Amino acid sequence: MEIIKNLHSYLAYVVLAVLVIAVINAIAGWLGKKDFTLQKDLRISLFALILSHIQLLVGLLLYFTSGNGLKAVQTLGMGGLNAPARLLAVEHPFINIIALVLITIGWSRHKKVMESNKKFKTISIFYGLGLLLILSRIPWGQWFA
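Letter 101 of the sequence shown, counting from 1, is numbered 114 in this note's numbering, and no numbers are missing.
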């Protein structure tokens with residue numbers, strides 16, 4: 014269990030870094046009116062998508078096997094959770110799933126357009142919103158403790 018928890022915690026740093034890079038790259042491409050390249054832009058966006066989904070899978074595994082996830086809700090009920098427990102058991106997984114849906118929609122939509130500017134804009138908006146949601150529900154108090 015501790016291995017999965019550590020994997021989820023340390024992988025989060027990598028995922029956040031790659032998502033930040035993908036969003037900055039997309040914004041720079043969009044505002045700079047650059048060409049969307051397969052060698053750089055597509056790979057950065059795809060890498061962010063893949064790592065985000067791997068992080069989600071590890072997180073879901075942790076959610077269903079640890080005492081801080083589903084077991085906490087089943088044991089204490091929704092009304093029995095204090096704020097830190099509610100963050101881990103409800104808010105963090107729910108909001109992060111929504112964030113991954115947005116990132117996935119951004120990936121899917123960018124493939125349907127041919128213009129570089131629209132590709133960058135789509136990735137900027139959807140990956141950016143996903144990143145903001147993820148940042149909003151990170152248990153910061155536990156991360157740096």
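Ideal Cβ placement from N, Cα and C applies to all residues, glycine included.
Computed from a prediction, not measured in an experiment: that's the story for all the values here.
Chain-order list of residues whose beta-carbon lies under 6 Å from that of residue i (same chain, five-residue window excluded)
i: Arg122; result: Thr135
i: Ala126; result: Note that residue 126 is Val in the sequence shown here, rather than Ala. Closer than 6 Å at Cβ, skipping near neighbours: Lys132.
i: Leu115; result: Phe139, Leu142, Gly143
i: Val36; result: Tyr140, Gly141, Leu144
i: Gly82; result: Tyr76, Ala102
Cut-off 8 Å between Cβ atoms - residues of its own chain near residue i, not counting five sequence neighbours on either side
i: Leu55; result: Phe49
i: Leu177; result: In the structure displayed, the chain extends from 14 to 158; residue 177 sits before or after that span and is not available.
i: Pro152; result: Pro97, Leu100, Leu101, His105
i: Leu73; result: Pro106
Cβ distance (whole Å) where residue i is taken to contact residue j below 8 Å
i: Ile147; j: Ala112; result: 5 Å
Top-ranked residue by Cα proximity to residue i, from the options
i: Val71; options: Lys18, Gln155, Ser137, Arg150; result: Lys18
- Query: Three or more C-beta pairs closer than 8 Å, one from the stretch 16-29 and one from the stretch 58-74: is that the case here?
  - Reply: Yes, they touch.
- Message: For a minimum of 4 consecutive residues, which ranges assigned as the alpha helix (DSSP H) are wholly contained in the stretch 63-90?
- Response: Here the runs fully enclosed are 83-89.
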